[in-house]
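Take a look at the structure set out below.
Number of protein chains: 2
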Amino acid sequence: MKLVEIYQCLCDETRLRLLNLLLQGPLCVCHFQSVLGEPQVKISKHLGYLKARGLVTAKRSGNWVIYALPAERTRPVELKANLACLQDCTATHAMFKRDLARLKKLDLACAPAQVASGIGKGKGCCG
Amino acid sequence: MKLVEIYQCLCDETRLRLLNLLLQGPLCVCHFQSVLGEPQVKISKHLGYLKARGLVTAKRSGNWVIYALPAERTRPVELKANLACLQDCTATHAMFKRDLARLKKLDLACAPAQVASGIGKGKGCCG
DNA sequence: AAACTACATTCCGATACCGGAATACTGTTC
DNA sequence: GAACAGTATTCCGGTATCGGAATGTAGTTT
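Chains A and B supply the protein sequences, listed in that same order. Residue numbers for the first sequence, in our numbering: 13 to 139. Residue numbers for the second sequence, in our numbering: 13 to 139.
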């Protein structure tokens with residue numbers, strides 16, 4: 013993974029918000045939609061951009077697709093460093109804090125553990 | 013200074029190389045040219061890009077223009093964090109290390125202290 | 001003031017990115 | 001299998017960026 017490619021992923025505000033949320037753990041697309049309040053196509057395309065460059069992974073689970081940061085052990089050093097830096101920087105900014113607050117208010121009906129156990133399937137995810 | 017604007021400055025390889033060099037101290041344009049081996053217009057435009065966004069400062073000194081990172085005390089937190097992160101990341105990459113090695117080999121005839129004292133004026137800068 | 005050095009800007013074509021509308025795809029429910 | 005939910009992709013216009021050639025500008029030397 014080239015350093016400049018990491019920065020290319022970080023140079024869009026929507027992607028920064030997505031990654032900021034992912035620092036809390038895996039999430040499905042509808043969570044991003046409901047937290048960011050942006051249209052589905054926009055979210056999906058930016059997630060695709062990040063995935064194509066290895067900054068996130070995706071796995072399908074029923075109707076939903078769960079996005080996550082790569083496992084910590086497999087993260088290149090530059091990515092670790094920049095994610096840590098990003099977390100520091102977002103911690104003090106209103107928009108990012110607001111996103112995290114909204115995330116906590118979701119019931120996370122399709123959070124990975126619950127999806128795996130079958131809870132929430134077909135019941136809708138984020139209302 | 014917005015976080016995303018910092019990343020927009022970091023998402024080009026030439027600009028990463030320029031900033032990596034500036035972490036060592038102020039430099040004039042001809043130093044960048046001779047270290048990077050890139051045409052003048054390319055260097056100048058990227059420095060202009062960084063200057064327009066506040067990541068570097070420029071002051072003229074005779075024929076030369078000296079570029080520098082903003083004074084440490086005036087650097088926004090996000091910039092400090094990202095410059096530190098950048099320095100960590102470049103420290104282990106061949107191209108960036110090679111640039112630093114080349115920089116050390118220059119006699120720095122127009123280095124700020126020497127320019128201020130009049131040494132080097134008109135004698136050419138980087139040959 | 002003419003010639004020169006160092007640097008910036010303008011003009012141009014090529015490419016990448018961004019956002020939205022519409023459509024396609026995948027898996028589930030009835 | 002038809003309808004549905006969640007997600008991805010394609011098509012499109014607008015805009016930003018990038019690099020190079022040519023030209024412009026500021027300051028210096030002679």
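Virtual Cβ for every residue (Gly too), placed ideally from N, Cα, C.
query: Pick helix, strand or coil for R27 of chain B, following the three-state DSSP scheme.; result: helix
query: Under the three-state reduction of DSSP, which class applies to A80 of chain B: helix, strand or coil?; result: strand
query: Please return the same chain residues whose Cβ sits closer than 7 Å to the Cβ of A103 of chain A, not counting the five positions on each side in sequence.; result: none
query: Give the DSSP bridge partners of L39 of chain A, in chain order.; result: A:Y79
query: Taking the beta carbon of L15 of chain A as the centre, do at least 16 other beta carbons fall within 10 Å, making it buried, or is it exposed?; result: buried
query: Using the rule of at least 16 other Cβ atoms within 10 Å of the residue's Cβ for burial, across every protein chain shown, is R110 of chain A buried or exposed?; result: exposed
query: Could you tell me the boundaries of the alpha helix (DSSP H) in which I104 of chain A lies?; result: As written in the sequence, residue 104 of chain A is Thr, which differs from the Ile given in the question. That residue, T104 of chain A, is in no alpha helix (DSSP H); it is neither H nor E in DSSP.
query: Provide the residue span of the alpha helix (DSSP H) that contains K54 of chain B, from first to last.; result: 52 to 64
query: Alpha carbon to alpha carbon, how far is L91 of chain A from R65 of chain A? Give it in angstroms, no decimals.; result: 12 Å
query: Cα-Cα, which of B:Y61, B:P82, B:R72 is closest to L22 of chain B?; result: B:Y61
query: Could you check which residue in B:A83, B:Y79, B:Y19, B:R87 has the C-alpha nearest to that of C42 of chain B?; result: B:Y79
query: So which residues of chain B does N94 of chain A contact, with C-beta pairs closer than 7 Å?; result: C97
query: Should N94 of chain B go down as buried or exposed, given a rule of 16 or more other Cβ atoms within 10 Å for buried?; result: buried
query: What residue range does the alpha helix (DSSP H) around L15 of chain B cover?; result: 15 to 22
query: What is the rounded straight-line gap between the Cα of K117 of chain B and the Cα of W76 of chain B?; result: 20 Å
query: Considering only DSSP beta bridges, list what T86 of chain B is partnered with.; result: Looking at the DSSP assignment, T86 of chain B forms no beta bridge with any residue, so it has no partner.
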